[in-house]
Amino acid sequence: MKQIFGEYAEETVKSKEFLKIGFTPNSTQLQQRWRNNGLSADFLADYLTTFFPIDDNEPSTLQRATELKGAVSYIANELLENSMKFHNPNDDYPITLEVKLYNEHLVLCVTNSISPANLLKFQSIIHDLEHIEPQELYVRQIKQASKNDGNSSGLGLLTIIDDYEAKIGWKFETIQTQKPTEQTLVTTMVQLSI
Amino acid sequence: MDIITEDYSIKYDTETSTIHWQGIMRLNGKEYNPIAELLNEIAALEPSQITLNLQKLEGLNSSGITMLGKFIFKLAKKKTIGLLIQCSKKITWQQKSVKNFQRLMPKLQIEWD
Amino acid sequence: MKIIDKEYSVIYDQATNTVYWSGIMRLNGGQAYEPILQLLNKIAALEPAKITMNLRDLKALNSSGISMLGRFIFSIDRKKNIQLLLLGAKAVPWQQKWAKNFQRLMPALQFEWV
Amino acid sequence: MVKIFGEFNDKELKSREFIKLIFSPSSVPLQQRWRNNSLSADFLADYLMTLFHQDENDPKRLEKQIEIKDTISYIANELLENAMKFNDDSSPYPISIQLHLYDDRLSLCISNSIPAAKVAQFQSFINKLLSTEPQDFYIQQIETAEKDGSISSGLGLLTIIDDYGAKLGWKFENLQLLNEPNYPLYYIKNQMKWLNFWFRVRKWFVARSKNPNITIVTTMVQLAI
Chain A
119 MKQIFGEYAE
129 ETVKSKEFLK
139 IGFTPNSTQL
149 QQRWRNNGLS
159 ADFLADYLTT
169 FFPIDDNEPS
179 TLQRATELKG
189 AVSYIANELL
199 ENSMKFHNPN
209 DDYPITLEVK
219 LYNEHLVLCV
229 TNSISPANLL
239 KFQSIIHDLE
249 HIEPQELYVR
259 QIKQASKNDG
269 NSSGLGLLTI
279 IDDYEAKIGW
289 KFETIQTQKP
299 TEQTLVTTMV
309 QLSI
Chain B
20 MDIITEDYSI
30 KYDTETSTIH
40 WQGIMRLNGK
50 EYNPIAELLN
60 EIAALEPSQI
70 TLNLQKLEGL
80 NSSGITMLGK
90 FIFKLAKKKT
100 IGLLIQCSKK
110 ITWQQKSVKN
120 FQRLMPKLQI
130 EWD
Chain C
4 MKIIDKEYSV
14 IYDQATNTVY
24 WSGIMRLNGG
34 QAYEPILQLL
44 NKIAALEPAK
54 ITMNLRDLKA
64 LNSSGISMLG
74 RFIFSIDRKK
84 NIQLLLLGAK
94 AVPWQQKWAK
104 NFQRLMPALQ
114 FEWV
Chain D
74 MVKIFGEFND
84 KELKSREFIK
94 LIFSPSSVPL
104 QQRWRNNSLS
114 ADFLADYLMT
124 LFHQDENDPK
134 RLEKQIEIKD
144 TISYIANELL
154 ENAMKFNDDS
164 SPYPISIQLH
174 LYDDRLSLCI
184 SNSIPAAKVA
194 QFQSFINKLL
204 STEPQDFYIQ
214 QIETAEKDGS
224 ISSGLGLLTI
234 IDDYGAKLGW
244 KFENLQLLNE
254 PNYPLYYIKN
264 QMKWLNFWFR
274 VRKWFVARSK
284 NPNITIVTTM
294 VQLAI
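Line by line, the protein sequences give chains A, B, C and D. Just so you know, we're using the numbering used here here: the first sequence kicks off at 119 and counts up by one. Just so you know, we're using the numbering used here here: the second sequence kicks off at 20 and counts up by one. Just so you know, we're using the numbering used here here: the third sequence kicks off at 4 and counts up by one. Just so you know, we're using the numbering used here here: the fourth sequence kicks off at 74 and counts up by one.
If you want it as structure tokens, here you go:
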């Protein structure tokens with residue numbers, strides 16, 4: 119089973135460069151390993167700047183590199199935080215984070231397993247993102263968070279679309295794992311023009 | 020006679036014949052050539068002793084270790100210049116790898132902070 | 004009143020009614036931000052005429068943190084008796100991104116950029 | 074065909090944690106992306122540090138953890154420098170490095186492609202490294218480097234074994250055996266669809282015909298912790 123939401127594009131042209139990080143999501147306490155989201159996001163962003171050389175005589179190259187680094191670091195961190203929140207805690211299916219570089223855009227993808235309960239929650243967030251104006255959704259989510267002690271979700275994805283002008287899409291697929299059970303995987307794809 | 024970059028610096032203090040190393044050096048092979056040349060220039064001044072202060076050199080890759088090793092080996096053959104290396108116990112690579120320099124130059128003095 | 008951590012700090016200067024933010028804040032969800040929101044609410048409870056938030060040294064903030072700041076701004080907007088000024092830095096890429104959204108929560112919100 | 078040198082532990086137990094980085098073959102000159110080696114090595118070391126149980130009241134333990142962190146940073150950087158330097162950039166296969174954490178040890182594995190013509194040279198270097206006394210090897214390498222005026226001395230691998238007390242092993246694989254050795258068996262076991270299987274086989278033949286002479290070498294470092 120495969121389901122696509124939003125702007126999800128399978129690769130048709132080969133990327134110029136890519137970097138993929140895969141890791142086990144479970145055993146260390148979440149609180150302690152939370153730090154690794156930021157660490158991984160910053161690493162990815164810093165790694166990418168290598169492919170955007172700065173020319174000292176051309177201030178715009180520095181600005182472009184700084185902006186891109188900021189955007190990739192923010193977006194990758196949000197995607198990883200989401201994958202930690204939504205991944206299936208009963209499974210040790212690795213979480214992967216991938217960046218692919220093309221001539222005019224870059225793609226960030228995070229894949230994680232998702233439990234049936236989280237699946238419904240996640241798809242309702244996607245539904246809101248697709249059907250409600252960003253401005254309205256933003257105010258609505260802040261108000262909602264004020265009511266229930268800050269437990270909002272979905273603001274991360276919203277800011278990715280609205281603040282960073284990125285395209286976003288999702289792929290849900292069910293795969294057979296070694297165990298007798300099936301596992302649902304979700305891939306969130308963000309496309310950013312450069 | 021100094022080499023200063025964003026990641027590392029090497030500064031020669033003529034008065035004390037001390038070379039101060041600082042930062043993280045993980046250069047790509049031949050990139051060490053200017054540094055090897057600097058060391059050779061200092062050796063050509065024929066001071067009676069040279070001190071390498073590595074206490075602030077936090078990282079060095081094996082190409083860097085080779086570059087230092089070659090210099091130490093050269094001084095050992097020369098026999099006219101004494102060599103003192105100042106190290107820090109807090110820096111892992113020094114704890115692990117500096118002892119090998121002694122093999123290249125038995126008279127090498129090593130001082131730990 | 005201040006919160007100081009290895010990665011970030013939030014410090015209130017009573018003399019100037021300024022909250023100084025610095026570092027990298029990427030805490031785990033709304034609950035982890037609760038102590039910071041409480042600090043902000045305590046400051047608001049003092050009813051100063053104006054609160055300044057100096058965010059120029061805040062290098063990164065995740066969406067949970069943006070949400071927390073948004074909640075605070077929204078609560079000040081409803082109060083109507085406190086002015087709010089945000090000091091931002093153009094050099095920190097994320098800061099310009101949130102500005103327009105915060106304005107939606109509080110139309111009277113003021114900004115100053117360097 | 075698979076050839077093993079040194080202490081290569083092919084039948085790994087399930088690790089407690091792992092992290093893997095996969096780098097695309099790159100068209101950008103190595104010099105421009107050289108910094109990424111150090112960046113990646115430090116990232117792996119920092120990442121590992123987070124996985125350790127931290128106790129601020131136990132300075133001995135913290136000291137040990139910092140030593141492990143520095144060790145991983147050094148070793149991973151050496152492995153990445155080598156992999157990037159010696160990788161056959163015409164190979165379609167990416168370079169990957171993975172770190173596995175177990176209760177009492179950890180392992181680092183790095184894979185890259187090398188041209189068939191370089192295999193023998195590398196294998197004879199490995200044999201020399203494994204059969205020579207470390208002290209002698211160290212001095213020989215420095216002497217040779219001094220004579221040639223060269224900087225690449227193969228000292229990186231020696232320091233990993235001798236200075237950091239790690240076990241080192243290598244696996245050389247021809248392209249034909251890449252992915253899963255027992256293709257049909259593997260797919261039946263994993264209940265993959267036959268269509269998918271044939272697709273993979275086709276892809277494998279295409280890759281093989283394009284790059285008949287590529288060998289993948291995996292270097293494995295094992296370290297007690």
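All C-beta atoms, glycine included, are put in the ideal place defined by N, C-alpha and C.
Backbone CA spacing between C/W101 and C/K5 [nearest angstrom]:
24 Å
Residue range of the alpha helix (DSSP H) that includes D/Y211:
207-221
Just to confirm my understanding: we take D/R134, look at its own chain, exclude 5 residues before and 5 after, and list those with CB closer than 7 Å. What are they?
D128
Below 8 Å between beta carbons: does that hold for A/L247 and A/L226?
no
CA-CA distance, C/L90 and D/Y166?
49 Å
What does B/T99 reach in chain D if we use C-beta pairs closer than 9 Å?
In chain order: nothing, as chain D lies at least about 18 Å away.
Along the chain, which unbroken stretches of the beta strand (DSSP E) at least 3 residues long are found entirely within the region 168-245 of chain A?
213-219, 223-232
Which residue wins for smallest C-alpha separation from D/A297, given the options D/I187, D/Q214, D/R178?
D/R178
Just to confirm before moving on: does the CB-CB distance between C/V22 and C/I46 stay below 8 Å?
yes
Which residue marks the beginning of the alpha helix (DSSP H) containing D/K191, and which one marks its end?
189-204
Own chain, CB closer than 8 Å to B/N80, minus 5 neighbours either side, in chain order
M44, R45, L46
Considering A/W288, what are the terminal residues of the beta strand (DSSP E) in which it resides?
285-294
Check distances from the C-beta atoms of the region 186-200 of chain D to those of chain B and list, in chain order, the residues that come in under 8 Å.
none
Strictly by DSSP, which residues pair up with D/R178?
D/A297
Taking CB distances under 8 Å as the criterion, tell me whether B/K93 reaches chain D.
yes
Apart from the five residues just before and just after B/I91, which ones in its own chain have a Cβ nearer than 8 Å to its Cβ?
L102, F120, L123, M124, L127
Given D/P132, which residues of its chain have a CB within under 7 Å of its CB, disregarding the five upstream and five downstream residues?
none
Taking Cβ to Cβ, would you say B/S116 is nearer than 8 Å to B/I69?
no
Start-to-end residues for the beta strand (DSSP E) that takes in C/V22
21-28
Spatial neighbours of D/Q264 within its chain, please: C-beta separation below 8 Å, excluding the five flanking residues on both sides.
Residue placement at D/Q264 is flagged as unreliable, the pLDDT there being 46, under the threshold of 50; the coordinate-derived value follows with that caveat. Nothing listed; no residue qualifies.
Residues within the region 151-162 of chain A neighbouring chain C, beta-carbon criterion of under 9 Å
W152, R153, N155, G156, A159, D160
Hey, how far is the Cα of B/T35 from the Cα of D/E219?
27 Å
Assuming the contact rule is C-beta atoms closer than 8 Å, C/A63 and C/R29 should be a hit. Round their C-beta distance to whole Å, please.
6 Å
By Cβ distance below 8 Å, which residues in the same chain neighbour D/Q194 in space, the five residues on each side in sequence not counted?
none
Under 8 Å, Cβ to Cβ, is there at least one residue of chain A near D/T123?
yes
If you draw a straight line from the C-alpha of A/K218 to the C-alpha of A/I139, how long is it?
12 Å
Could you tell me which of D/S97, D/S88, D/D176 sits nearest to D/A306, measuring between CA atoms?
Outside the shown range of chain D (74 to 298) lies residue 306 of chain D, about which nothing can therefore be said.
Residues of its chain near A/I278, where Cβ-Cβ distance is below 7 Å and the 5 sequence neighbours each way are ignored
I193, E196, A284, I286, V308
What residues in the region 134-151 of chain D bring their beta carbon closer than 7 Å to a beta carbon of chain B?
E140, D143, T144, Y147, N150, E151
With three or more beta-carbon pairs closer than 8 Å as the criterion, would you say the region 134-145 of chain D touches the region 167-184 of chain A?
no
Within 10 angstroms of the Cβ of B/L71, are there 16 or more other Cβ atoms? Answer buried if so, exposed if not.
buried
Is it buried or exposed for D/F198, if we count other Cβ within 10 angstroms and need 16 for buried?
exposed
Mark C/G73 as exposed unless 16 or more other C-beta atoms lie within 10 angstroms of its C-beta, in which case mark it buried.
buried
Using only the alpha-carbon positions, how far apart do A/E128 and B/S28 sit?
47 Å
Starting from the C-beta of D/I95, find all residues in its chain whose C-beta is less than 6 Å away, skip the five residues before and the five after it, and write them out in chain order.
P167, S169
Whole angstroms are fine: how far does the CA of C/W116 sit from the CA of D/N252?
Here D/N252 scores only 47 on pLDDT, less than 50, and its place in the model should not be relied on; the value that follows carries that caveat. Each residue's Cα considered, the two are about 55 Å apart.
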